[in-house]
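Take any residue in the sequence shown, note its place counting from 1, add 1, and you have its number in this note's numbering. C-beta atoms are modelled at their ideal positions from N, C-alpha and C, and glycine is treated no differently. Take a look at the structure set out below.
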Amino acid sequence: MTKNILITGGAGFIGSHVVRLFVKKYPQYKIVNLDKLTYAGNLENLADIEGMPNYKFVKADITSAEEIFSLFKENCFDGVIHLAAESHVDRSIANPVEFIFTNIIGTVNLLNAARDCWKDNMQDKLFYHISTDEVYGSADDGSFFTESTSYDPKSPYSASKASSDHLVRAYHNTYRLPVVISNCSNNYGPYQFPEKLIPLAINNIKNNKQIPVYGKGENIRDWLYVEDHARAIDLIFHKAEPGKTYNIGGNNEWKNIDLIKKLCEIMDDRLKRPAGTSAGLITFVKDRAGHDLRYAIDSSMLQKELGWKPSLQFEEGLAKTVDWYLANDTWLSHIISGDYEKYYENQYVNR
Ligand code: NAD
Ligand code: DAU
């Protein structure tokens with residue numbers, strides 16, 4: 002069956018993996034990738050598929066209702082997979098307003114355009130909103146987030162994502178818009194912007210720079226290889242009942258400091274440096290404001306109902322990720338531009 006699908010944020014980290022999977026797996030679908038190409042969006046992430054006949058890129062800003070409505074007038078999409086967002090917690094602490102515009106207003110613009118386009122026939126249409134486990138707050142008591150855990154967002158980023166989730170559900174309840182939401186844990190893998198912990202540490206180790214670990218490195222995250230997230234999105238898009246929410250996670254909790262030590266071992270091996278060299282770069286720095294202690298996802302509903310499970314063990318995924326970054330020096334060097342250096346100075350040096 003043919004489908005006309007809009008993927009937003011497809012030039013970013015997770016979005017590029019989702020676009021690649023859909024373009025390659027479904028040659029009968031038409032995939033439109035809408036992205037503003039902010040600092041986090043990079044068409045080099047999709048260089049291998051840009052010439053495919055079922056793929057089209059559109060540069061647009063989801064905060065502009067005009068741009069979004071005009072795109073929906075040209076194509077009344079059958080499905081929307083919405084990933085475009087401001088995604089970095091530290092940037093949300095430094096400048097929350099951008100997160101409110103993109104993550105909340107941008108989502109509402111897409112919901113309005115889909116509602117307008119689908120008003121006469123919502124059959125076989127789907128608005129799929131990609132969200133995060135951070136909306137549930139911090140699982141300090143050792144419990145796991147399930148789909149019915151109450152929302153308790155604690156950073157401007159997670160509050161903006163929680164707000165967008167609420168709006169997506171409100172459009173389902175009020176206008177019967179067919180929606181699904183998934184909330185995923187921390188992703189890692191190729192094409193992640195090096196402001197996030199794992200690629201930042203890989204890049205710093207490679208360049209013999211300090212590895213900044215916030216606080217005492219005791220915070221815990223549940224890590225999932227990005228291609229496993231993309232596979233879950235594919236399954237949910239095709240199989241989930243409208244109105245449902247699924248949690249996605251790796252069942253793979255790591256304290257930041259233990260993860261960094263594991264990464265240091267892999268880097269020493271790959272760079273043929275004496276064991277312990279990279280760990281010597283670990284530097285404990287001022288903690289993130291309001292730093293959530295622990296995220297932990299229970300993804301058993303997705304596993305039971307749709308048969309998904311993570312495919313990679315963490316050590317294997319981490320080694321694969323390191324190898325990818327070391328082999329893709331040109332990609333990395335294009336990103337480590339003036340803007341990145343300015344961000345790095347503000348975030349880590351001039352504090
Ligand atoms: P990213 O920052 O790498 O990519 C975001 C993309 O959105 C970029 O290509 C950017 O150019 C685009 N974008 C930003 N503002 C836009 C605007 N106004 N209009 C159009 N495009 C815009 O983010 P990511 O890590 O790939 O995350 C993608 C989605 O997944 C986000 O919604 C995020 O909240 C969610 N998520 C991320 C993770 C994670 O670990 N990275 C985990 C769970 C959920
Ligand atoms: O849980 C899902 C979320 O994971 C996504 O919704 C976000 O978009 C994504 O950015 C990610 O958020 P985190 O804040 O968990 O990821 P980050 O890579 O920024 O940080 C991971 C952990 O490492 C966190 O506890 C903070 C810490 N950290 C981070 C950086 C950048 C450091 O100790 N040092 C650093 O330099």
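query: So is the beta-carbon of HIS89 under 8 Å away from any non-hydrogen atom of ligand 2?
result: Yes.
- prompt: Do GLU135 and ligand 2 come close, with the Cβ less than 8 Å from some heavy atom?
  reply: A distance criterion of 8 Å places the beta-carbon of GLU135 in contact range of ligand 2, judged by its closest non-hydrogen atom.
query: Looking at the unbroken beta strand (DSSP E) that takes in THR246, where does it start and where does it end?
result: According to the DSSP assignment, THR246 belongs to the beta strand (DSSP E) that extends over 246-249.
- prompt: Counting Cβ pairs closer than 8 Å, one from the stretch 260-279 and one from the stretch 236-248, do we hit at least three?
  reply: Put simply, the stretch 260-279 does not touch the stretch 236-248. Fewer than three CB pairs are less than 8 Å apart.
- prompt: To which residues does DSSP link PRO54 through a beta bridge?
  reply: According to DSSP, PRO54 bridges with nothing at all.
- request: Check each candidate in PRO28, VAL19, ILE63 and TYR56 and name the one with the smallest Cα separation from ASP36.
  value: Looking at the Cα atoms, ILE63 is the closest of the given residues.
- request: Grab me the residues of GLU135's own chain with a C-beta within less than 6 Å of its C-beta, minus the 5 sequence neighbours each way, in chain order.
  value: So the list reads SER159, once near-sequence residues are dropped.
- request: Flag PHE14 as yes when its Cβ comes closer than 8 Å to any non-hydrogen atom of ligand 1, and as no otherwise.
  value: Yes, since a heavy atom of ligand 1 falls inside the 8 Å radius drawn around the Cβ of PHE14.
query: Would the beta-carbon of ILE82 fall within 9 Å of that of TYR129?
result: Cβ distance < 9 Å, so ILE82 and TYR129 count as in contact.
field: Unbroken beta strand (DSSP E) run spanning VAL214, endpoints
entry: Counting along the chain, the unbroken beta strand (DSSP E) around VAL214 starts and ends at 212-215.
- prompt: Quick one: is the Cβ of GLU196 within less than 8 Å of any heavy atom of ligand 2?
  reply: Checking the 8 Å criterion, the Cβ of GLU196 is within range of a heavy atom belonging to ligand 2.
- prompt: What residue does the beta strand (DSSP E) around ASN187 start on, and which one ends it?
  reply: Unbroken beta strand (DSSP E) run through ASN187: 187-189.
query: Within the present structure, is the beta-carbon of SER156 separated from the nearest heavy atom of ligand 1 by less than 8 Å?
result: No.
Beta strand (DSSP E) runs contained entirely in the stretch 58-87, provided each spans 3 or more residues: Annotation note: the stretch 58-87 contains the following uninterrupted beta strand (DSSP E) runs of length 3 or greater, listed N- to C-terminal: 80-83.
query: How would you call PRO275, buried or exposed, if buried means at least 16 neighbouring beta carbons within 10 angstroms?
result: Exposed: under 16 other Cβ atoms inside 10 Å.
field: Buried versus exposed, by CB contacts within 10 Å (16 or more), LYS217
entry: With fewer than 16 neighbouring CB atoms inside 10 Å of its own CB, LYS217 falls in the exposed class.
- request: State the beta-bridge partners of THR284 as determined by DSSP.
  value: Within the DSSP bridge table, the entry for THR284 names PRO213 as partners.
query: How long is the line joining the alpha carbons of LYS343 and LEU313, rounded to whole angstroms?
result: About 35 Å.
query: At a cut of 8 Å, does the stretch 177-190 reach the stretch 204-215 through at least three beta carbon pairs?
result: With contact defined as three or more Cβ pairs closer than 8 Å, the stretch 177-190 and the stretch 204-215 are not in contact.
- prompt: In terms of DSSP beta bridges, what is LYS1 paired with?
  reply: Summary: the structure shown does not reach residue 1, with the chain confined to residues 2 through 352, and so no result is reported for it.
task: May I have a chain-ordered list of the beta strand (DSSP E) segments no shorter than 3 residues that lie completely inside the stretch 162-209?
output: With a minimum length of 3 residues, the continuous beta strand (DSSP E) runs that stay inside the stretch 162-209 are 180-185 and 187-189.
field: For ASN34 and ASN55, the rounded distance between their alpha carbons
entry: In this model, ASN55 and ASN34 are separated by some 11 Å (Cα to Cα).
Residue from GLN348, GLU228 and GLY318 with nearest C-alpha to VAL20: Per the Cα distances, GLU228.
message: Below 8 Å on the Cβ atoms is my contact criterion, and I expect ARG222 with ASN188 to pass it. Report the Cβ-Cβ distance as a whole number of Å.
response: Cβ atoms of ARG222 and ASN188 stay farther apart than 8 Å, at about 10 Å.
- request: Give the single residue among LEU272, VAL109 and ALA48 whose Cα lies nearest to the Cα of ARG170.
  value: Distance from the Cα of ARG170 is smallest, within the candidate group LEU272, VAL109 and ALA48, for VAL109.
Limits of the unbroken beta strand (DSSP E) element including TYR129: Per DSSP, TYR129 belongs to the beta strand (DSSP E) from 127-133.
query: Given a threshold of 16 other Cβ atoms within 10 Å of its Cβ, counted over all protein chains shown, does HIS173 qualify as buried or as exposed?
result: By the 10 Å Cβ count, HIS173 comes out buried.
field: Own chain, CB closer than 7 Å to PRO179, minus 5 neighbours either side, in chain order
entry: A distance below 7 Å between beta-carbons, with the five flanking residues on each side excluded, links PRO179 to the following residues of its chain, in chain order: MET123, LYS126, LEU127, PHE128 and PRO243.
message: Quick check on the DSSP output: the beta strand (DSSP E) that includes ASP36 runs from which residue to which?
response: For ASP36, the enclosing beta strand (DSSP E) starts and ends at 31-36.
message: Distance check for SER156 and GLN304, CA to CA, integer angstroms please.
response: The alpha-carbon of GLN304 is positioned some 29 Å away from that of SER156.
message: Going by the DSSP bridge assignment, what does ARG295 pair with across the sheet?
response: According to DSSP, ARG295 shares a beta bridge with ILE221.
- request: Compare the C-alpha of PHE14 against each of ALA41, TRP309 and LEU333 and name the closest.
  value: When each option's Cα is compared against that of PHE14, the closest is ALA41.
- request: Would you mind sorting THR9 into buried or exposed? The rule is 16 or more other CB atoms within 10 Å of its CB.
  value: Around the beta-carbon of THR9, 16 or more other beta-carbon atoms lie within 10 Å, marking it buried.
query: Going straight from the alpha carbon of GLY107 to that of LEU38, what length do you get?
result: Taking the straight line joining both Cα atoms gives about 14 Å.
message: Does the structure place the stretch 61-77 close enough to the stretch 41-51 that three or more beta carbon pairs sit under 8 Å?
response: Counting C-beta pairs closer than 8 Å gives fewer than three between the stretch 41-51 and the stretch 61-77, which falls short of the contact rule.
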